[in-house]
Structure formats: structure tokens, C-alpha cells
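To get the working numbering, take the position in the sequence shown, counting from 1, and add 595.
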Amino acid sequence: MALRSRLIALSLAVAGIGGGGGAGAVGLPSTPAQPVTDTYFGQAVADPYRWLEDWSSPEVKRWSADENAYSRVYLDGVRQRAAIQARLQTLITATPSRYSGVRAAGGHLFARFTDPRLQQPQIVMIDDIATTAPVSGLPVKVVIDPNKLDPRGLTAVDWFVPSPDGRYLAASLSVGGSEDGSVHVFDAATGAELGDVIPNVQYPTGGGDLAWAADGKGFWYTRYPGAERADADRHFFMQVYWHPLGGDPKNDTYVLGRDFPRIAEVQLDNREGTAPLVISVANGDGGEFEHFLLPVAAGPTGTPKRLTKLADKVVAVSAGPDGAVYLISRLGAPGGRVLRLAPGDTDLAHAKVLVPEGKAALVSDGGSRALAVTAERLYLRRIEGGPVTVAMVAPTTGQPLGPLQMLPVATNEELVPLEGGRVLYDIGTYLKAPTYAVFDEHRQTMDETRLSATGGLDFSDAEVVRDAAVSADGTQVPVTIVIPKGAKRDGKAPVLLTGYGGFGVNLSPHQLGPEQRLWLDAGGIYAIANLRGGAEFGEAWHDAGRLTQKQHVFDDFAAVARLLVQRHYTDADHLALIGGSNGGLLMGATLTQHPDLARAVVGNVGIYDMVRTELDPNGAFNITEYGTVKDAAQFQALYAYSPYHHVVDGARYPAILLATGENDGRVNPMHSRKMVARLQAADPAGLPILLRTTANAGHGHGSSLAERVALSTDIYSFLFDQLNMTLPTPH
């Protein structure tokens, strides 16, 4: 980026012309360095802002408040801020109400219903999804309304599970984006609480889950330790307990988990009711699993049988309606293959290969929900570079039965078997609202349902372009580019590039939201990079971006950014980067390794100190993805890219906005505090370097509508100001 353009931007900012330069006029908050040095395998590691880790310190809280005030001067001073906020509010209101997370039980459907006018989504029961053209007036009953439970909009439903007969609904509720949830049980017909409240079921570290018994008289659930363990272990050592409906949780029965790894993440599944309970145990976040089955004959408090070990590389297990067990295995098949065990058999050695590894990788997101099984078909999802297709095979022979009807460059996340040989599934694309369709296995037909979102945001003026960049080692890295139709490639368009690259997460097509509509309306281009570390090409793609191979992710992202310049979409002065969580780490690594790559960078709830991240509860769960400083090779890799440790004094960095929430249990807000302090010390007279901390928010899950609007307003005010974008007047 040219020094001249930096100086012009800075001078305009200080003068308060064209945007939020007022922050420079009031001066940076005082942030004294208090150096601490640690040594790992002979390497001295300096940490000048260790003191900012202690959120219990009044001094740290004052510093955070000062940083917020400093940022507010800039953000509130952006010339177009009011117009951006008003436009976002209009676009959000225009976003269609939509259903997601659909579950079938007792002839009913239960779903999360997001109304853009409400602070929090509701949980609803639906009796009729007639496969006709989508219309309004779907017969819906609200079972759980967090907006009535908490008019502040701070209480959220983390997840929900209906009983097999559809009579009851169990849900985890948490407050303030904390994801620290307790299970409550509701009568589905009346919405009344039964009085069963179970604490310590859900936490950001390992999540939480629940599965009902077939008769609906009780359920298994995950539980974190209470007073039986030291405080340092309270968010580890997940176990499985049995709760009889109406019983005292203090008397619930232990079922499994005392021998699980400390960083176990447990998922429970008993969708078929008469099939065995599937207990899936992840060894942290790195993609390693073991599985157990609890046969129906053993009773709810029986001893589960081990089905797989970590070394078996089985990443998903589902039980069919006849009790047969289907597994996705990556042992010798990084793209995945499907195995089948006959009903009642729990010996993995007896499993038969039902579907061999194919060119496109099997999607295993969702664990036991990765596969859907009916009496006549097995449904499996395949991915190649981002887009997802759904294949059907015979459940006993593996004979191909064709694909489910999808749209080009699309994705699928939900496969829900219904009564009568029907399967409900969703179709997502970048430019259309999500569609829900029903496939009838007997008639071989697909009909759209009234669950489909209608109206709302219109992206018919945009088109999707797929391209690929060449990374540093020659690897082809896919990128999706959403561009207004007829846009000129003059190398000056504002481009917003995002990526993630970690934890086997696929950035598959989903309808763009109000923020992207705002961006396109202002002549912008939006780009999504499918980086290594995800699973867009299977487990080999994931492995190539984790542990000691993490640098590949940052190389891939830089290559995509340069491709956008080479293809004359933009230049460095008109390129902005945005990412959250692991994508925030991507932002930190990119801006420290390539400070001249882009004009502006936004990191949301990001990880920046890779040397100390494992000391936090959720950071410990990340060890199987990132590595540990206790291993020499992994430490060297972590330290080599740790953003906080590679900020250089005197360097000229892009404009930076780092956002975090005080209640974040997934990524400690100290990462953002330390990173901003280090950047401001290194480049005090350059472009704005801002920290935004929200009191009643966490990692983003469960945030209120008001907070989502406020955060988006700040982010896009910042980006519009830095890229000198103009919001057009609505027609």
C-alpha cells in the first residue's frame, strides 16, 4: 500500500473529514508494557502485555473501557454511520423469516424460527408442511419464546431435542451469549415448563447434548463436573447421565464418561427411538473420535459397548430404523467411505464396506447426523471444494440410487426422515433464500415445502464466479467471488475477502445476508476463500492446515488475495479482509505476515497469542487442532505464526478493528486486548487500530438482535470509511 495514500487517509482522519478520524485527536489510551519472558525449548518468548489477561483486575477493566471510548470516537464519527445503520436495519427487517435445525418427532416437526424483528429465535412446532408452493400462514405453535422469557433479549436457546412422541421438548438455555446452559423441559402442546431444570449440561468448551428414551419417560444428557472436581476442571471431563422425567437431577444415574479424555466432547443420538443410543466422543476439536453404543435391551442405565477407538478413524456413526449401524471411516480413505454393521453387531471388524471412497469427499459435519437412513435409502453428502451434493444408495447393498435434486453451487445441511418414505432436506445457495423440499422415495418426486423462506433480500443483480489461486507450494485454492452483474474489472472495486481454514469447517454456499447486500449495493465485491484446514476436499485438506501445517492456511489466503488483484477486481488500497474466531487468527497472521496486502482488516473474537491459548479451557480443547507448546515441533510451528509475537515496531499496518465479547467462553477476550495493545505500540501514528468489547455478548452465539445490528454497523462503518465507499441513496 502506498505511503502517500496512508498519509492522506491519516490527515483526513485527524481533521475529522470523511469519517472517523476523531480517535486520533484524543490520543491512544495509555498501555504500559510490563514485560514477562518465558522460555520454551531454549526459545525466549517475550510477552509485554501479560497483565491484560487478568479480567478480574480493575486496571484491565479501566483500560478496556478507555479503548472502547477511543474506538467509539472513531466509529461514531464516520460520516455515513447513521445511513449505514438505517440501511442495515432495513435490510435485516427485509430478511425473510426462516426455519432451521428441523427435527421430526411424533408426527410433528420442531424447528428454530428466526424472525428478523425479534431479539432471539423461537422454537416452534409445525403440524403441516404441505408440499405446495411456499405461502405464508404456516400452522405454527411457539413452544419456547426466549423473548418472553427474557424481554432484554439476552436469553437464548443453545439447542433443543423433542421427545420421540413429540410430547416434550428439552432445551438448553443460556444468557448473555455465554453458552453456559442448563436444560429445561417444556410441554410441547402448552409451552409450559415441567420443572425439570438440569445445570452444567452445556458449555462453550465441549458443547452439550441430550437424547430421549423411546418411551419419552427420561433422557440421557451430557454433564460437566460440579463440586466433585477442582475449579480448573469444571469445564472438562464431560460425562453421560440418565434423568428420569420428574426426578431430582441430584439423583440422576451415571452412565459413561469417567474414562473419557479430559477434553472429550460428547454427542448423543437416538433419533430412531428403537435403535441403540449412539454416543460419539471427540478428542477435542481436531477431528478424532471414538464411539459407543447402548443397546435398547441394556436399559437406560446399562453399560454402553465400545464400537470404535480413536485409531479407527471413524468420524460419524448413525443407526438405521432396523438397528443396523452405518459409519463414515477415514482409515486408509481420507475422503471417507461408508461401512455397515448388521443389527445387533458391535464388532467393527465385522463391518462391510457399503460405499467406497470416491472422488468427492464425504461430509461428516454433525457427527451422527452426517448420514440419514430410512428403510429404503441411505443419504450421504459429498463435497468438492465447497459446494455439496446429496447421493442416495441402497442401505443394505450400497447400490447407487441417484442424487437428490439440488441447485448448482449449493449446499445441504439437513436431512430429516419423515413418515411414509419421505425425507425433508434443505438447499442453500449464495443468492437465494434457503429452500426446504421433500423427496418421496416411492413416487421419486421432489416438492418444495412451505418451510422455504420467501421474499426478502434480492440478489438477482449479482452473479457467482468460481476461481482458484495457486498457493506458495503450488496447491490450487478455490475461491468464490460474488460480483454485481456487469461490474467493470478496473482494479479499483472495493473487495471484502473472508476465510476460515480450520477445524474441518466447510465454507459451503449459504445465502448472503444484509451485510453483503449493503456491500454489493455500494459497488463492492464479496469473496470467500476455501482454505486448507477446512474439509472441502476431505480429511487430507484438513490435515494440510492443522498442527505443524497451519502456515499453509495463511499462504492460501494470501494467494487468494493476490489473485483478486491479478484478476483486476481490486488493488491493495481497496481490499479489506474479515474473519472470526479461527478466522480471526487468520486475520492476525495475515496482517503480521503481509502488512501491505490490504487496506483494512476486521478480526472478530479472534485468537492471536498462540503460545498461551491452550491455558484457557476452550484453548485446551483446541490442542488437537493447533498443537501444544509442550511439544517441541508444535511449539516451533505455533510460535512461528503467532500474530501477537510477530508484530514489528515501526511497521506500517493496515487499519484494524478487533471485536470481542466479555462473555466469550470459546476465545478468551484477552487475545484481542493484547493484540491491540501490541499493534498500537508498534504503529501509534498510522491508520486506526481499534478494539471493540461488548459487555453482554460472547462468541456470537446467542447474541441479541440489537447487538448484531450494533456490531455490523460498527464493522461496515469502519470498512466504508477506510475504503472510501459511498452508500447509495435507496430508491
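Cβ coordinates follow ideal geometry from the N, Cα and C atoms, glycine included. None of these values were measured; they are calculated from a predicted model.
If we call anything under 8 Å between Cβ atoms a contact, is residue i one with residue j?
{"i": "Val778", "j": "Ala766", "result": "yes"}
{"i": "Leu851", "j": "Val835", "result": "yes"}
{"i": "Arg1303", "j": "Leu686", "result": "no"}
{"i": "Ala1088", "j": "His1037", "result": "no"}
{"i": "Ala1122", "j": "Thr1185", "result": "no"}
{"i": "Asp804", "j": "Leu840", "result": "no"}
{"i": "Arg747", "j": "Gly701", "result": "no"}
{"i": "Leu683", "j": "Ser1307", "result": "yes"}
{"i": "Trp807", "j": "Val756", "result": "yes"}
{"i": "Arg972", "j": "Asn1007", "result": "no"}
{"i": "Val640", "j": "Leu647", "result": "no"}
{"i": "Glu1033", "j": "Val988", "result": "For the record, residue 1033 in the displayed sequence is Val; it is not Glu. Contact: no."}
{"i": "Val1243", "j": "Leu1274", "result": "no"}
{"i": "Leu1010", "j": "Tyr1020", "result": "yes"}
{"i": "Gly1222", "j": "Ala1235", "result": "no"}
Using three-state DSSP, classify residue i as helix, strand or coil.
{"i": "His779", "result": "strand"}
{"i": "Trp1114", "result": "helix"}
{"i": "Gln1275", "result": "helix"}
{"i": "Trp815", "result": "strand"}
{"i": "Ala728", "result": "In this prediction, Ala728 has a pLDDT of 38, which is less than 50 and means its spatial position is unreliable; what the coordinates show is noted afterwards. Coil, per DSSP."}
{"i": "Asp671", "result": "helix"}
{"i": "Gly882", "result": "coil"}
{"i": "Leu598", "result": "Because Leu598 sits at a pLDDT of 29, beneath the cut-off of 50, its placement in the model cannot be relied upon, and the following sentence gives the value as read from the coordinates. Looking at Leu598 - three-state DSSP - the assignment turns out to be helix."}
{"i": "Lys743", "result": "helix"}
{"i": "Gln1039", "result": "coil"}
{"i": "Tyr644", "result": "coil"}
{"i": "Phe708", "result": "strand"}
{"i": "Val835", "result": "strand"}
{"i": "Arg976", "result": "strand"}
{"i": "Gly1179", "result": "helix"}
{"i": "Tyr1248", "result": "coil"}
{"i": "Gly619", "result": "The pLDDT assigned to Gly619 is 43, lower than 50, so where the model puts this residue is not dependable; a value taken from the coordinates is nonetheless given after this. Reduced to three states, the DSSP call for Gly619 is helix."}
{"i": "Pro1323", "result": "coil"}
May I ask which residues mark the beginning and end of the alpha helix (DSSP H) holding residue i?
{"i": "Gln1144", "result": "Careful: Gln1144 lies outside any alpha helix (DSSP H) and carries neither H nor E."}
{"i": "Met1356", "result": "There is no way to answer for residue 1356, as the model of the chain reaches only from 596 to 1326."}
{"i": "Val1304", "result": "Leu1300 to Gln1317"}
{"i": "Arg682", "result": "Arg676 to Ala689"}
{"i": "Gln1229", "result": "Ala1227 to Tyr1236"}
{"i": "Phe1216", "result": "Pro1212 to Phe1216"}
Taking the alpha-carbon of residue i as reference, which of the options has the nearest alpha-carbon?
{"i": "Ala1153", "options": "Leu1142, Ile1173 and Glu1134", "result": "Ile1173"}
{"i": "Glu1131", "options": "Asn1319, Leu973, Arg824 and Gly980", "result": "Gly980"}
{"i": "Gly1118", "options": "Ala681, Pro1079, Leu1102 and Ala700", "result": "Pro1079"}
{"i": "Val1090", "options": "Leu1318, Gln714 and Gly813", "result": "Leu1318"}
{"i": "Tyr798", "options": "Glu860, Ala806 and Gly813", "result": "Glu860"}
{"i": "Ser1312", "options": "Gly927, Ala681 and Pro1212", "result": "Ala681"}
{"i": "Pro899", "options": "Leu926, Gly882, Asn878 and Asp854", "result": "Asp854"}
{"i": "Tyr1239", "options": "Ala1276, Phe1216 and Asp1211", "result": "Ala1276"}
{"i": "Asp828", "options": "Thr991, Gly801 and Lys845", "result": "Gly801"}
{"i": "Ala1301", "options": "Tyr694, Thr709, Asp722 and Leu749", "result": "Leu749"}
{"i": "Leu888", "options": "Lys908, Leu936 and Asn846", "result": "Leu936"}
{"i": "Ala1028", "options": "Glu1014, Leu1046 and Leu1013", "result": "Leu1046"}
{"i": "Val1148", "options": "Gln1188, Arg712 and Leu1286", "result": "Gln1188"}
{"i": "Phe884", "options": "Pro890, Val876 and Gly894", "result": "Val876"}
{"i": "Lys1083", "options": "Tyr1031, Thr1165 and Gly1129", "result": "Thr1165"}
{"i": "Ile1251", "options": "Leu966, Gly1295, Ala1195 and Met1001", "result": "Ala1195"}
{"i": "Val697", "options": "Thr992, Pro938 and Thr1030", "result": "Thr1030"}
{"i": "Ser1066", "options": "Asn1177, Asp847, Asp1150 and Arg667", "result": "Asp1150"}
Beta strand (DSSP E) containing residue i: first to last residue?
{"i": "Gly1198", "result": "Ala1195 to Asn1199"}
{"i": "Glu860", "result": "Ala859 to Asp864"}
{"i": "Met987", "result": "Val983 to Val988"}
{"i": "Asn795", "result": "Glu788 to Gln797"}
{"i": "Val1090", "result": "Val1090 to Thr1093"}
{"i": "Ala765", "result": "Tyr763 to Val770"}
{"i": "Gly1023", "result": "Arg1017 to Thr1024"}
So residue i and residue j are in contact, right, with Cβ under 8 Å, and what is the actual spacing, rounded?
{"i": "Gly1051", "j": "Thr1289", "result": "27 Å between Cβ atoms; not a contact."}
{"i": "Thr1255", "j": "Pro1264", "result": "4 Å"}
{"i": "Gly1023", "j": "Pro1104", "result": "6 Å"}
{"i": "Ile1379", "j": "Leu902", "result": "The shown model of the chain, from 596 to 1326, leaves out residue 1379, and the question about it has no answer."}
{"i": "Gly771", "j": "Asn1213", "result": "With 8 Å as the limit, Gly771 and Asn1213 do not qualify as a contact, their Cβ atoms being about 17 Å apart."}
{"i": "Ala628", "j": "Pro643", "result": "4 Å"}
{"i": "Leu1126", "j": "Val1197", "result": "Rounded, the Cβ-Cβ distance is 17 Å, inconsistent with contact."}
{"i": "Leu1322", "j": "Gln675", "result": "5 Å"}
{"i": "Pro916", "j": "Ala970", "result": "6 Å"}
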